[in-house]
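**Student:**
Number of protein chains: 6
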Amino acid sequence: MSSTTALPAYTSYKNIIVSSPNPFVAHVEINRPKKLNAFTQELWLEFGRVFKQLSGDEDVRAVVVSGAGDRAFTAGLDVQSASSDGILIGSQADIAKKAKLVRNHIEEFQDSIGAMEKCEKPVICVLHGVSIGLAIDIACCADIRICASNTRFAVKEVDIGMAADIGTLARLPKLVGSTSWVKDVCLTARDFSAQEALSVGFVSQVHEDKQAAVQAAVALATTLADKSPVAVQGTKELLNHGRDHTVAESLRYTQVWNAAAVQGKDFSLALMSGLKKTKPRFEKL
Amino acid sequence: MSSTTALPAYTSYKNIIVSSPNPFVAHVEINRPKKLNAFTQELWLEFGRVFKQLSGDEDVRAVVVSGAGDRAFTAGLDVQSASSDGILIGSQADIAKKAKLVRNHIEEFQDSIGAMEKCEKPVICVLHGVSIGLAIDIACCADIRICASNTRFAVKEVDIGMAADIGTLARLPKLVGSTSWVKDVCLTARDFSAQEALSVGFVSQVHEDKQAAVQAAVALATTLADKSPVAVQGTKELLNHGRDHTVAESLRYTQVWNAAAVQGKDFSLALMSGLKKTKPRFEKL
Amino acid sequence: MSSTTALPAYTSYKNIIVSSPNPFVAHVEINRPKKLNAFTQELWLEFGRVFKQLSGDEDVRAVVVSGAGDRAFTAGLDVQSASSDGILIGSQADIAKKAKLVRNHIEEFQDSIGAMEKCEKPVICVLHGVSIGLAIDIACCADIRICASNTRFAVKEVDIGMAADIGTLARLPKLVGSTSWVKDVCLTARDFSAQEALSVGFVSQVHEDKQAAVQAAVALATTLADKSPVAVQGTKELLNHGRDHTVAESLRYTQVWNAAAVQGKDFSLALMSGLKKTKPRFEKL
Amino acid sequence: MSSTTALPAYTSYKNIIVSSPNPFVAHVEINRPKKLNAFTQELWLEFGRVFKQLSGDEDVRAVVVSGAGDRAFTAGLDVQSASSDGILIGSQADIAKKAKLVRNHIEEFQDSIGAMEKCEKPVICVLHGVSIGLAIDIACCADIRICASNTRFAVKEVDIGMAADIGTLARLPKLVGSTSWVKDVCLTARDFSAQEALSVGFVSQVHEDKQAAVQAAVALATTLADKSPVAVQGTKELLNHGRDHTVAESLRYTQVWNAAAVQGKDFSLALMSGLKKTKPRFEKL
Amino acid sequence: MSSTTALPAYTSYKNIIVSSPNPFVAHVEINRPKKLNAFTQELWLEFGRVFKQLSGDEDVRAVVVSGAGDRAFTAGLDVQSASSDGILIGSQADIAKKAKLVRNHIEEFQDSIGAMEKCEKPVICVLHGVSIGLAIDIACCADIRICASNTRFAVKEVDIGMAADIGTLARLPKLVGSTSWVKDVCLTARDFSAQEALSVGFVSQVHEDKQAAVQAAVALATTLADKSPVAVQGTKELLNHGRDHTVAESLRYTQVWNAAAVQGKDFSLALMSGLKKTKPRFEKL
Amino acid sequence: MSSTTALPAYTSYKNIIVSSPNPFVAHVEINRPKKLNAFTQELWLEFGRVFKQLSGDEDVRAVVVSGAGDRAFTAGLDVQSASSDGILIGSQADIAKKAKLVRNHIEEFQDSIGAMEKCEKPVICVLHGVSIGLAIDIACCADIRICASNTRFAVKEVDIGMAADIGTLARLPKLVGSTSWVKDVCLTARDFSAQEALSVGFVSQVHEDKQAAVQAAVALATTLADKSPVAVQGTKELLNHGRDHTVAESLRYTQVWNAAAVQGKDFSLALMSGLKKTKPRFEKL
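Chains as they are written, first to last, in the working numbering: chain X, 20 to 304; chain R, 20 to 304; chain P, 20 to 304; chain G, 20 to 304; chain C, 20 to 304; chain B, 20 to 304.
(1) Excluding five sequence neighbours on each side, which residues of the same chain lie with their C-beta closer than 8 Å to the C-beta of G:Glu227?
(2) Are the C-beta atoms of C:Val195 and some chain R residue less than 9 Å apart?
(3) So the candidates are G:Phe43, G:Met181, G:Cys205 and G:Ser218; which of them puts its Cα closest to the Cα of C:Leu258?
(4) For P:Phe221, collect the residues of the same chain with a Cβ closer than 7 Å to its Cβ; drop the 5 residues on either side in sequence, then sort them by chain order.
(5) In whole angstroms, give me the CA-to-CA distance for X:His46 and B:Asp113.
(6) If you run the structure through DSSP and keep just helix, strand and coil, what is R:Glu48?
(7) For G:Asp203, count neighbouring Cβ atoms within 10 angstroms of its own Cβ and tell me buried if that reaches 16, exposed if not.
(8) CB-CB under 7 Å to B:Glu302, same chain, minus the five flanking residues each way: which ones, in chain order?
(9) What are the start and end residues of each continuous beta strand (DSSP E) run of 3 or more residues lying completely inside the segment 187 to 274 of chain C, in chain order?
(10) Could you tell me which chain G residues have their CB closer than 8 Å to the CB of X:Trp276, listed as they occur along the chain?
(11) So, does the CB of C:Gln129 fall closer than 9 Å to a CB anywhere in chain R?
(12) By the DSSP assignment, the alpha helix (DSSP H) with P:Asn123 in it spans what residues?
(13) Does G:Ala167 have its Cβ less than 9 Å from a Cβ in chain X?
(14) Is there a Cβ from chain P that is less than 9 Å from the Cβ of X:Trp200?
(15) In this structure, does DSSP put B:Ala28 in helix, strand or coil?
(16) With distance defined between alpha-carbon atoms, name the residue in G:Asp184, G:Cys160 and G:Asp178 nearest to B:Thr198.
(17) When you compare only the Cα positions, how much space is there between P:Thr297 and P:Leu290?
(18) In the DSSP output, which residue or residues are listed as bridge partners for C:Leu290?
(19) Counting pairs of Cβ atoms below 8 Å between the segment 50 to 67 of chain R and the segment 28 to 36 of chain R, do you hit three or more?
(20) Looking at C-beta atoms only, is the number of pairs between the segment 75 to 82 of chain X and the segment 127 to 145 of chain X that lie closer than 8 Å three or more?
(21) Applying the criterion that 16 or more other CB atoms from any shown protein chain within 10 Å of the CB defines a buried residue, is X:Lys246 buried or exposed?
(22) Report back the beta-carbon spacing between R:Phe92 and R:Ala154 to the nearest angstrom; my notes put them in contact at under 8 Å.
(23) Within 9 Å of any Cβ in chain C, is that where the Cβ of B:Pro141 sits?
(24) Helix, strand or coil for R:Phe301? Go by DSSP, reduced to three states.
(25) Would you call the CB atoms of X:Gly293 and R:Ile179 closer than 9 Å?
(26) Let me check one thing: in DSSP terms, what residues is X:Asn310 bridge-paired to?
(27) So, is the C-beta of C:Leu188 closer than 9 Å to a C-beta in chain B?
(28) Would you say R:Ala134 lies against chain C (beta-carbon separation less than 9 Å)?
(29) Using a 10 Å radius around the Cβ and a threshold of 16 neighbouring Cβ atoms, would you call R:Glu48 buried or exposed?
(30) Can you confirm whether X:Asn123, when its beta carbon is compared against all beta carbons of chain B, has any partner nearer than 9 Å?
(31) 9 Å is my cut-off, CB to CB: does B:Tyr32 come that close to chain P?
(32) Which complete beta strand (DSSP E) runs does the segment 138 to 193 of chain B hold, if anything under 3 residues is left out?
(33) Is the separation between the beta-carbon of X:Asn56 and that of X:Ala240 shorter than 9 Å?
(34) If you measure from the beta carbon of G:Ala81 to each beta carbon in chain X, is any gap under 9 Å?
(35) Assuming C:Ser223 contacts G:Trp200 (C-beta within less than 8 Å), just tell me the rounded distance between them.
(36) Go through its chain and collect everything with a Cβ distance to B:Glu136's Cβ below 6 Å, but skip five positions before and after it.
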């Protein structure tokens, strides 16, 4: 990944690197490798801002996310940092007052991570090495999950005395096919392997190591970036909408969505290119 | 399948053949084999009408659907035909006016294909050969999916510059166990094989070729046709209801549904036959 | 399991045995082995009461459920007993009147079985031997499903002329990853094996025989009982809430739930123990 | 109303007259005055077809509905006709079989009446004289309700031994502001007057007699027909969508709807006309 | 009301009197007049049991609820009693532990009051004198609300430092027509009068004094008790279902509900009585 | 209002003034009186930020909103400003591209106005003079609406060729008691008076002029600011939650919410003050 082009518009982030390995493809790296990419509040606020920016950036059509360094995607929350901010631990506030602080704190945290799901471009998450706690919350917000064979997964929150609250419990059961398995890993906080993640459908590819996984992700992102952005972004939107609605509601929403989308040039361009066997070039979206 | 009995009540359809390989079993064939069974508007309107008729036909208790000929279940939308009707492509209407036309057009199309899901009898879909685009929308409306080993599946719409809008994006994620896989195939429009379809749970049987798959489907349909229609049709209804409701709502709906259903003769007849080890014969429903 | 300690608070049940193989672990056995643990109304009412009691019992942190004896988890409804109560069969009441009786009867039955799902402690269900009909309804209410290799599963209700109405049709499709498979087994009422149950994700472990399966379940329950009850019970609650809500609603509910939960001592205790590498002892909940 | 222009496209209906009192305004009259406009199955099927046709007719922008003759909007279901078709009364079918017939019968009836709600053009319902039973189901599907001072309203179904099933119980509580009043009139089946209907908000205007009420409705419809059809039809759609969705969902749906709608010419035309104080003429929709 | 017949089946309640002023009519009186009918836990548990019993009692077709004595319907929670049980006030439990106790406590309380809403027979609530706090929660569970002119209403909970949690905030906005008014009275905890309650639609009748209000309620209940129980109870069920569902879902549920209900004798009996102008006598339900 | 104390923390806004007429009460004024307080994008973005700030400001417990000057609350969107930004009018972008821009534009606008609804403190909106278009969208986000007798209301959007998209169509039908009236004013865009707004429940008080209305609003806000913030803010949250959920869901959410809230000091403080007849002083929240 050494020859990637750094994206000038994304140089203000302290804990995140955004490069562009291929045209229209962005690679987001969580960049605190010495701390196993553990998340401070500063980091998760940046994480939210990056994905909001990517969502509106017409030069980006597909995104790859990974951790920086070889050891971890992320080890989750930076517990020392969390201890010192006083919100979750140690304050002497009135219980009702503290409940309000905690609610607002969790909401801000959820919103920051959830910005990846709301990003209108498809996001491919590459898990590798230590990928526990918040790593799962983040991965659940991606569209496609790929991992290295050495990935150590765990829904770790029960072991720090709390129910996971940044999204894993809301999203994971809707991503994989066995609730018995979901409850097992969420209640026991046990590790699970890349192979197990593949067999339950949490990830859809396992690669030899991080480098191979990132390469595969970039290749996949490049494929997506070559396609009609109207079609790709509409497909993401409609799939996400469908998760939280009945089929009848999704069908209606689809009618209204496509009523504008198919009037764009991408549709006739792609259709004609298909008939003429030429490769279409799509306008920015 | 040469000795099937043609069903007299279904002879008016131009593009669809309905035969009856066994008592109470109907076999619906999409019949434009020279065009890889591609769908014109005429065909999809017939498709909707056939399933509405089957739903109300008390001589039918289970339905098998396949494509006619060896090459394709269906190659999807007949693009040439679609181009010429002017709704999706080429009209000069005002944008808001065209948006209305497109919405109504998609709704009619969705309703026609969705008639298979609404059909009160169980439907077994046999996929084989080319099964792309609309083929997946259709298969998602069936109850049980079986395929031939040569099936070439693809959610193809992204490659014609649009998000799939006849139901795949609404239904597919609720049918299989890996959202990562769903997004992969929907966003990339790549082909996937019978084996892959089986491993993610999209189909539940793979057979050597189309003939074997149709035979297995007819055998399965015949099994269903031997059982209590009250029980079978109630089971289909309650499973479909459950997909779009909370567990609490489904349980309540089930109470109300069975309050009438178990008062029918099928229940006592089946119960007694079970105790007496005899084979029950159920009345038409 | 011979050396388990019987739980004194649970000795009033006629058809159910509750023992405690390990501290904070309860083992519930359905105890009509001569009748293949078939359910009479008396039994299901007791089943509901047991789980309501366990839910409020601060000396219990995890529950294992199995059938007594080697032959069956349960063969389902005790048909002879059901025939004699006149609600479902044989009464001469007015149709609307009987509809009301049937609705209320099903509701009471659903509520009794559903008490296992509502129980605030995690429940591990061990299926073994004959596990048909109501066995599936019950298993669907558990958090984690484990089985013996000899388990004979079937969603049997269609064969007695009715749609399953105690919860299988509402819950099963949300527990496993292939709707095509769900509809197959629910419509055909065919047997399926431990291996098949594992491959579709219905169970997450298969063991050689009942004894090994129960041992594994007790070990797993013991692991859960060692962890923070606030974390474990919160995780169960949030996962169950998530099944029936959109992601956005689950995230909000999670904020409100954890606003109180993380103010408990378990959170800081577990956090500190993690940092200090000591083993925490949690207060009763 | 004698000088209205009959609409040629609507002459095939036997029990319904459609005229056009003003450009782009349609007046639908239920036309069985000798039978107090009571509904046979033939009539309600025509009713459904008329509104489907009006929905797609670009020469119609607003609709007024009334009964023909002076005595009744409608006295509801034609009981004699209903008795003779054997679906609701008198058949000897198996209970489960008859339950299916009844369900399908009610669904067809609901769909026919509901076509008025689904009609994309605003519908003003003029109630007058006898307006009981089905009259309320119909009125609930309109957008705006106006009545004559002599109107005799009643939710009459309880007095024929059944819960109203064509929509009153689903819609009425969402149309008016007092559930205590709704339950009073629905449970007692008592008459209520025009003045009472006005005071609870069921109707929004009361006029001296039928003629004045129809004139007011036509004037209101004419006002609507002068406005942008894109704006008027969008407003109807979004208000109806809002009734059945959360505010958050409605807001999102509104974004997607208007994304196409405001690109139409009506928006810039109306905006410019407003600034220039001219009267815009909108294209057909 | 002195000549009412006490109902023998309801004599075991300590704080509640159930009499029968007319055949098939039950009158429930909250009976702690010296304490302004304030609620202890014992009382609310009895309240829940009474309505569960009434729901299943085929000799009861309509219910009237009032307070005993002239001074109050109820002054709400018995604060002294509540203080002494230690659940809400004064316990030293861990915050997470106490949160669980509070949740379970509120749930039990909600379920007891909500039993009135779940009661399958229509309930008419007569408010009079002091009717504050819990009085509003209770009234919101009734079907029809009537009051005496001296009633003093208030949603009082804000003045004891808490948000009302037994149902007022969930139900009141769905019962009346002005959210601005609802928020005013809920946020300020101010008193409002019988006249104000009438004008916003919270009650549908105001009578001179308690005696007149009870008489009117009994007369109304008697009217309901004369009608088909299948029709009356079905109407209550469908109206309550409609409150919490979309119109489309209610229509479907209605189809399934009436599929059994109209097969009962009440329907043909009422229909024939209507044609023959005779008074029908309905069987018990 | 001349003696109000300006709030130092809110001096950075260009188009909005925030003062504090009483302790814990904030008065927000939309401040473009020469332009009838019409909204530019700059203004609505400020509007969203103000309410986000107020929501987190523990020195504010209740908020009053009005327009500056005597002529208008607001005349709605500043059409000239909107024309010049090119998003809604005049751009030459591809239809699909422009659809995305419009969606994102509406979303930003909705979010800014909706910040008032999300503000955790109660908001009292004072309408006066010209109050059309966006004025209604804003008012619908307030908790309590009060107006001056000279207010000129109109849901004006249809007259500029579009369906209102900032929230009126989603919220208004849920605030008032007559859908017939809602559709009348939304479809015709006609003016309605203070008296009409009062009679349908849109506002709950009408005062002689703006000054009197603002005084009444400040008095009401002061009353709310004297009460327990835990109780008041919890009541707002639970009422808003209830609007978009079933009763069963609201009851559950209430349990979880109050599990923390009643452990705060406000509850015991208010309870004790009530018993001792003293006036409680609550801590900041």
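Heads up, the beta-carbon is just placed ideally off N, CA and C, and yes, glycines get one too. These figures come from a predicted structure and were not determined experimentally.
**Tutor:** Taking the structure as given:
(1) Same-chain partners within the cutoff: Ala167 and Ser168.
(2) No, because no Cβ of chain R sits closer than 9 Å to the Cβ of C:Val195.
(3) Ranking G:Phe43, G:Met181, G:Cys205 and G:Ser218 by Cα distance to C:Leu258 puts G:Cys205 first.
(4) Apart from the 5 residues on each side of it in sequence, P:Phe221 sits with its Cβ closer than 7 Å to the Cβ of Arg164, Leu194 and Val195 in its chain, given in chain order.
(5) Here the C-alpha atom of X:His46 lies approximately 28 Å from the C-alpha atom of B:Asp113.
(6) In the three-state reduction of the DSSP assignment, R:Glu48 falls in the strand class, which pools E and B.
(7) Its Cβ being crowded by 16 or more others within 10 Å, G:Asp203 is buried.
(8) If we look at B:Glu302 and ignore the five residues flanking it on each side, its Cβ neighbours are Lys284.
(9) Here the runs fully enclosed are 210 to 212 and 224 to 226.
(10) Within chain G, the residues near X:Trp276 are Val275.
(11) Under the Cβ distance rule, C:Gln129 does not count among the residues neighbouring chain R, no pair being separated by less than 9 Å.
(12) Ile114 to Lys137 is the span of the alpha helix (DSSP H), which, as asked, contains P:Asn123.
(13) Interface flag for G:Ala167 against chain X is unset, since no Cβ pair is found closer than 9 Å.
(14) So, interface residue.
(15) Three-state DSSP puts B:Ala28 in a helix.
(16) The residue with the shortest Cα to Cα distance from B:Thr198 is G:Cys160.
(17) Their backbone Cα atoms lie some 10 Å apart in a straight line.
(18) C:Leu290 pairs with nothing; no bridge assigned.
(19) Yes: at least three Cβ pairs fall under 8 Å.
(20) Cβ pair count under 8 Å is three or more, so yes.
(21) It counts as buried.
(22) About 5 Å separates the two Cβ atoms, so the contact holds.
(23) It does; some Cβ of chain C falls within 9 Å.
(24) Under the three-state reduction of DSSP, R:Phe301 is assigned to coil, being neither helix nor strand.
(25) Yes, they are a contact pair.
(26) Outside the shown range of chain X (20 to 304) lies residue 310 of chain X, about which nothing can therefore be said.
(27) In terms of beta-carbon proximity, C:Leu188 lines the interface with chain B, with at least one pair separated by less than 9 Å.
(28) Not an interface residue.
(29) R:Glu48 should be labelled buried.
(30) Answer yes: the Cβ-Cβ gap between X:Asn123 and chain B drops below 9 Å somewhere.
(31) So, not an interface residue.
(32) List check, beta strand (DSSP E) in window: 142 to 146, 149 to 151, 163 to 167 and 171 to 173.
(33) Contact: no.
(34) It does not: the Cβ of G:Ala81 has no partner Cβ on chain X nearer than 9 Å.
(35) 5 Å between Cβ atoms; contact.
(36) So the list reads Cys160, once near-sequence residues are dropped.
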